[in-house]
Amino acid sequence: MINHDALDHHRQDAVRLLKTLANEHRLTILCCLRHGEISVSELTSRLPLSQSALSQHLAWLRSEHLVHTRRSAQNVYYQLSDDKAERIINVLNGLYCDTTPKTTPPAASQETTLHAPD
1 MINHDALDHH RQDAVRLLKT LANEHRLTIL CCLRHGEISV SELTSRLPLS
51 QSALSQHLAW LRSEHLVHTR RSAQNVYYQL SDDKAERIIN VLNGLYCDTT
101 PKTTPPAASQ ETTLHAPD
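Using full-length UniProt numbering, the first residue of the sequence shown is number 1, and each one after it goes up by one.
Given below as structure tokens:
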């Protein structure tokens, strides 16, 4: 059952979050951070972005409180800022990246199989 009062109160927060995740580069950054803290130089080597473009995406993620930084000497490290960001990335990972075979009963599998028209 949907709690409409909570939905009304948090609708704009959800919209902002979805807009942030709708960008493939920001989504990739968050996926990289799923397993822990990463330096900016490591992110630069993993993503096909200039350092300037990466900085803009990281600034956006910071402004949405999805990541936070830690500075050590001249290196800056990023990590997911809270449980909310990690849970969302884990759900997306499970939906789109999990390669573990799913076991489905044969009857259910046949019911949901779509066939292309001849």
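A virtual CB, placed ideally from N, CA and C, is assigned to each residue, including glycine.
For a quick check, are the C-beta atoms of L30 and A73 less than 8 Å apart? no
So V67 and Q79 are in contact, right, with Cβ under 8 Å, and what is the actual spacing, rounded? 7 Å
Of the choices I2, D83, T20, whose alpha-carbon is the least far from that of A59? Comparing Cα-Cα distances from A59 to each of I2, D83, T20, the minimum goes to T20.
Please report how far the alpha carbon of H4 lies from the alpha carbon of E37, in whole angstroms. 36 Å
Would T44 and L54 be called neighbours here (beta carbons separated by less than 8 Å)? In contact: T44 and L54 (Cβ atoms closer than 8 Å).
Using a Cβ-Cβ cutoff of less than 8 Å, which residues in the same chain neighbour S81 once the five nearest sequence positions on both sides are dropped? H65, L66, V67, H68
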